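Position one of the sequence shown corresponds to residue 2 (this note's numbering), numbered consecutively onward.
The beta carbon of each residue, even a glycine, is placed where N, CA and C say it ideally should be.
Note that the structure is a prediction, hence the values are computed from the model and not measured.
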Amino acid sequence: METSLRYGEDSKALRIHAKEKFRIDSNTYFQVHGELDTKLGQPSSCSALIRHFYPNLSATLGVGLRYDKRDKLRYTVSAKKTFPVTVDGLLNFKIKGGCDVDKEFKERKSRGAAEFSWNVFNFQKDQDVRLRIGYEIFEQVPYLQIRENNWTINADYKGRWNVRYDL
Numbered sequence: 002m003e004t005s006l007r008y009g010e011d012s013k014a015l016r017i018h019a020k021e022k023f024r025i026d027s028n029t030y031f032q033v034h035g036e037l038d039t040k041l042g043q044p045s046s047c048s049a050l051i052r053h054f055y056p057n058l059s060a061t062l063g064v065g066l067r068y069d070k071r072d073k074l075r076y077t078v079s080a081k082k083t084f085p086v087t088v089d090g091l092l093n094f095k096i097k098g099g100c101d102v103d104k105e106f107k108e109r110k111s112r113g114a115a116e117f118s119w120n121v122f123n124f125q126k127d128q129d130v131r132l133r134i135g136y137e138i139f140e141q142v143p144y145l146q147i148r149e150n151n152w153t154i155n156a157d158y159k160g161r162w163n164v165r166y167d168l
């Protein structure tokens, strides 16, 4: 199980996040995750998805259900495609998108982004770094992610930010 501690400007509360993947076959898995808001002492979100990886396309497709305290129950679909920029695969260009719809299929929330991701292994001894720079198409906002081993910092041009520590 993957667990992390998360904090961001959106909630001003420490959240505990857990994710587990159950392999269905070599390219498909069932993924569940949930998040506990420590300020309120109750779950803030949870989801269950089936994800399929298409290795010859370097792409993934996921479908499932998502619940959070604001939007309640929603159906979700997401996809991601990676294009290697360098031969060693350390610099990639990714396009990703998704759509959530409410249970009555009336309200839709779309998301989509294009990003460059650069991985630097052994940036310093025993320190790996990943830098992502992207643009969220529907919100029309650039964003940045810096990851160093277990620490991740995300920020965007609208002033939103969050920090994650993987346990």
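Secondary structure at residue i, three-state DSSP: helix, strand or coil?
i           : result
residue 23  : strand
residue 39  : coil
residue 60  : strand
residue 66  : strand
residue 99  : strand
residue 9   : strand
residue 1   : With the chain covering 2 to 168 only, the question about residue 1 has no answer from this structure.
residue 1   : Residue numbering for the chain in the displayed model covers 2 to 168; residue 1 lies beyond these limits and cannot be assessed.
residue 15  : coil
residue 87  : coil
residue 109 : strand
residue 73  : strand
residue 104 : coil
Among the options, whose alpha-carbon lies nearest the alpha-carbon of residue i?
i           : options           : result
residue 127 : 54, 150, 47       : 150
residue 120 : 112, 167, 105, 89 : 89
residue 145 : 116, 76, 124, 64  : 116
residue 3   : 28, 36, 70, 27    : 36
residue 24  : 39, 41, 52, 17    : 52
residue 86  : 40, 59, 31, 137   : 59
My understanding is that residue i touches residue j, with C-beta atoms under 8 Å, so please give their C-beta distance in whole angstroms.
i           : j           : result
residue 100 : residue 78  : 6 Å
residue 94  : residue 106 : Their Cβ separation, rounded to whole angstroms, is 33 Å, which puts residue 94 and residue 106 out of contact at 8 Å.
residue 45  : residue 167 : Not a contact, Cβ separation roughly 18 Å.
residue 34  : residue 19  : 6 Å
residue 49  : residue 66  : 5 Å
residue 102 : residue 76  : 5 Å
Excluding sequence positions up to five away, which residues of its chain have a Cβ less than 6 Å from the Cβ of residue i?
i           : result
residue 97  : 81, 114
residue 164 : 8, 154
residue 104 : 74
residue 133 : 116, 118, 146
Spatial neighbours of residue i within its chain, please: CB distance less than 8 Å, with the 5 preceding and 5 following residues excluded, ordered by chain position.
i           : result
residue 160 : 10
residue 122 : 91, 129
Under 8 Å, Cβ to Cβ, is there at least one residue of chain C near residue i?
i           : result
residue 151 : The structure shown contains no chain C; it holds only a single protein chain.
Which ranges does the beta strand (DSSP E) cover as unbroken runs of at least 3 residues, wholly within the stretch 112-148, from first to last along the chain? Taken in chain order, the whole beta strand (DSSP E) runs of length 3 or more contained in the stretch 112-148 are 128-137.
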